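Structure first, commentary second.
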Amino acid sequence: MFGKYFYNETIRKTVIAFGTLFNDITIKHKNDSTDSVISTIKVPIAYGPMQKFLARIEQQPNFNKNVAITLPRLSFEIVSYQYDPSRKIAPITKFCLIPDSSKNKIKKVFMPVPYNIGFRLSFACKLQDDALQILEQILPFFQPSFNISIDLVKSIGEKRDIPMVLQN
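Structure representation (structure tokens):
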């Protein structure tokens with residue numbers, strides 16, 4: 001429809017980077033009287049709406065049985081794409097790269113279109129203390145944003161710092 005095919009995987013890489021931010025969240029259950037750690041649980045994360053996971057739990061409300069989902073659990077999904085006119089650059093601006101090995105091959109890529117991708121991070125827990133532990137491991141890093149570096153366009157070696165902004 002628009003001409004030459006291209007796929008730089010920029011949205012895919014952004015989704016992976018967002019999910020990776022929350023890979024290492026753990027919770028601990030402690031014995032109140034001795035303050036010793038009874039168990040440490042690494043909280044699993046998956047891409048998909050939390051409603052899908054909640055539907056699985058509702059199908060088997062007896063938590064003593066082996067179910068396909070474990071709690072606590074994190075999930076995330078894309079909820080919006082919003083054009084950002086404040087970051088707009090002239091549409092004919094291009095990145096040019098002249099590789100060292102071949103001086104006659106110039107790679108050209110148009111500037112990306114500025115979009116903000118909205119994500120929703122959800123978590124489900126059996127215990128309120130588990131939810132509070134998860135929340136306390138996330139909030140301190142967003143003041144209100146957290147920058148991560150992503151190798152966006154591999155063919156030209158474009159690396160970019162992407163701010164992840166906590167809105168609500």
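Following the working numbering, the numbering of the sequence shown begins with 1 at its first residue and continues without gaps. We put the CB at the ideal spot given by N, CA and C, even for glycine. Here the structure is a predicted model, which means the values were calculated and not measured.
When you compare the CB positions of residue i and residue j, do they come within less than 8 Å of one another, or not?
i    : j    : result
V79  : G118 : yes
F22  : L74  : yes
P112 : T10  : yes
Y81  : Y47  : no
Hey, residue i and residue j are a contact pair by Cβ (cut 8 Å); roughly how many whole angstroms apart?
i    : j    : result
E77  : P44  : The pair is not a contact, with the Cβ atoms about 15 Å apart (cut-off 8 Å).
T40  : K28  : 5 Å
I150 : A17  : 5 Å
A131 : F123 : 6 Å
K13  : L152 : 6 Å
Over what stretch of residues does the alpha helix (DSSP H) that includes residue i continue unbroken?
i    : result
I138 : Q128 to I138
R12  : T10 to T20
Spatial neighbours of residue i within its chain, please: C-beta separation below 7 Å, excluding the five flanking residues on both sides.
i   : result
K42 : T26
I89 : M111
A37 : A small correction: the amino acid at residue 37 is Val; Ala does not occupy that position in the sequence shown. Counting only Cβ-Cβ distances below 7 Å, and skipping sequence neighbours, we find K28 and K30.
If I measure Cβ to Cβ from residue i and keep anything under 8 Å in the same chain, skipping five residues before and after, which residues do I get?
i    : result
L139 : L166
Which stretch, first to last residue, makes up the beta strand (DSSP E) that contains residue i?
i    : result
Q82  : R73 to Y83
G118 : Y115 to A124
T40  : V37 to K42
R87  : R87 -> no beta strand (DSSP E), and no H or E assigned at all.
K4   : Counting along the chain, K4 falls outside any beta strand (DSSP E), and DSSP gives it neither H nor E.
With a CB to CB cut of under 6 Å and the five nearest residues on each side skipped, what residues in its chain are close to residue i?
i    : result
T126 : In the sequence on display, residue 126 carries Lys and not Thr. L71, listed in sequence order.
F146 : M164
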